[in-house]
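**Student:** The structure under discussion is supplied below as structure tokens; questions concerning it will follow.
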Amino acid sequence: MEAPPAEADAAERTAVRAKNADAAIKQYKLDERLDQWQLGAMRDILQQRHVFITGSAGNGKSHLIQTLHAYCAAALKPCAVTSMTGVTALHIGGETLARFMSFGVVEGDGPTLWAHVSKNKHLKYVKQRMMNVSMIVIDEISMLSAETFEAVSYV
0 MEAPPAEADA
10 AERTAVRAKN
20 ADAAIKQYKL
30 DERLDQWQLG
40 AMRDILQQRH
50 VFITGSAGNG
60 KSHLIQTLHA
70 YCAAALKPCA
80 VTSMTGVTAL
90 HIGGETLARF
100 MSFGVVEGDG
110 PTLWAHVSKN
120 KHLKYVKQRM
130 MNVSMIVIDE
140 ISMLSAETFE
150 AVSYV
């Protein structure tokens, strides 16, 4: 029995993404820079899956992010590498989420933050940045408040 066209198309896209991910891993020698766990996560990322990476200190989360960032630069795929604090943003070679989104310092709920952002003269620039990246990485997402997450979703 043949799969319905929509399911067949989805399966074909998944197969193509897997093939492309494997080709990128080989081309950029990512398998030489990452351990098995990191390589599995990288494969999922390259297949355009949403990925949540967690683990204890020292298990290679930041190394994976740095390798992903380097891959994106080499492959000319713009990605936003962000973190919730300046120290970790520097460590992973990125910037704070607040800077990427041009939020500035504002306290309040999502609508309050959105009101601030929508009045921001950089809103057009922020929307353009969001449209031009192929992915957004947020390190230390556990520090992201629901209000800030909501404001990001408004943009």
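Residue numbering for the sequence shown follows numbering that gives the first Met the number 0, starting at 0 and increasing by one per position. Think of the CB as a built atom: it goes at the ideal place given N, C-alpha and C, for glycine as much as any other residue. The structure presented is a predicted model; accordingly, all values stated were derived computationally and were not measured.
(1) Alpha carbon to alpha carbon, how far is His-68 from Arg-48?
(2) State the CB to CB distance for the pair Leu-63 and Leu-29, rounded to an integer number of angstroms; the pair is presumed to be in contact (CB under 8 Å).
(3) Using CA coordinates, which residue listed in Gln-65, Gly-54 and Phe-102 is at the minimum distance from Lys-120?
(4) Where do the N-terminal and C-terminal ends of the alpha helix (DSSP H) with Asp-43 fall, by residue?
(5) Rounded to whole angstroms, what is the Cα-Cα separation between Ser-141 and Glu-149?
(6) Which residues does DSSP list as the beta-bridge partners of Ala-79?
(7) Which same chain residues end up closer than 8 Å to Ser-133 when comparing Cβ atoms and leaving out the 5 residues on each side of it in sequence?
(8) Can you tell me which residues form a DSSP beta bridge with Glu-94?
(9) Let me check understanding here. Comparing Cα to Cα, which of Ala-56, Lys-60 and Arg-128 lies closest to Met-41?
(10) May I have the straight-line CA-CA distance separating Asn-58 from Gln-37, to the nearest angstrom?
(11) Closest by CA to Pro-110, which one among Val-50, Gln-46, Ala-145 and Ala-7?
(12) Do Val-80 and Glu-94 have their beta-carbon atoms positioned less than 9 Å apart in this structure?
(13) Measure the beta-carbon distance from Asp-43 to Ile-91 and round it to whole angstroms, keeping in mind my assumption that it falls under 8 Å.
(14) Return the CA-CA distance between Tyr-124 and Ala-97, expressed in angstroms with no decimal places.
**Tutor:** According to the data block:
(1) The count along the sequence shown starts at 1 and reaches residue 68 at position 69. The count along the sequence shown starts at 1 and reaches residue 48 at position 49. For the pair His-68 and Arg-48, the Cα-to-Cα distance works out to about 16 Å.
(2) Against the sequence shown, residue 63 aligns to sequence position 64. Against the sequence shown, residue 29 aligns to sequence position 30. About 10 Å; that fails the 8 Å criterion.
(3) In the sequence shown, residue 120 corresponds to position 121, counting from 1. The shortest Cα separation from Lys-120 among Gln-65, Gly-54 and Phe-102 belongs to Phe-102.
(4) By one-based count along the sequence shown, residue 43 stands at place 44. Here the alpha helix (DSSP H) through Asp-43 covers 35-45.
(5) In the sequence shown, the residue the question calls residue 141 occupies position 142. In the sequence shown, the residue the question calls residue 149 occupies position 150. Whole-angstrom Cα-Cα distance: 14 Å.
(6) Here residue 79 refers to the residue found at position 80 when the sequence shown is read from its first residue. Note: Ala-79 sits in a beta bridge opposite Ile-135.
(7) For the purposes of this step, residue 133 is taken as the residue at position 134 of the sequence shown. Cβ within range, chain order: Cys-71, Lys-76, Pro-77 and Cys-78.
(8) In the sequence shown, counting from the first residue as 1, residue 94 sits at position 95. Glu-94 is bridged to Thr-81.
(9) Along the sequence shown, one-based indexing puts residue 41 at 42. For the set Ala-56, Lys-60 and Arg-128, the Cα lying nearest the Cα of Met-41 is the one of Lys-60.
(10) Position 59 of the sequence shown, counted from the first residue, corresponds to residue 58. Position 38 of the sequence shown, counted from the first residue, corresponds to residue 37. Whole-angstrom Cα-Cα distance: 9 Å.
(11) Looking up residue 110 in the sequence shown gives position 111. Checked all of Val-50, Gln-46, Ala-145 and Ala-7; the closest Cα to Pro-110 is Ala-145.
(12) Position 95 of the sequence shown, counted from the start, is the residue given in the question as residue 94. Position 81 of the sequence shown, counted from the start, is the residue given in the question as residue 80. Against a cut-off of 9 Å, the Cβ pair of Val-80 and Glu-94 comes out as a contact.
(13) In the sequence shown, residue 43 corresponds to position 44, counting from 1. In the sequence shown, residue 91 corresponds to position 92, counting from 1. Their Cβ separation, rounded to whole angstroms, is 19 Å, which puts Asp-43 and Ile-91 out of contact at 8 Å.
(14) As a position in the sequence shown, residue 124 is number 125, starting the count at 1. As a position in the sequence shown, residue 97 is number 98, starting the count at 1. In a straight line, the C-alpha of Tyr-124 is about 14 Å away from that of Ala-97.
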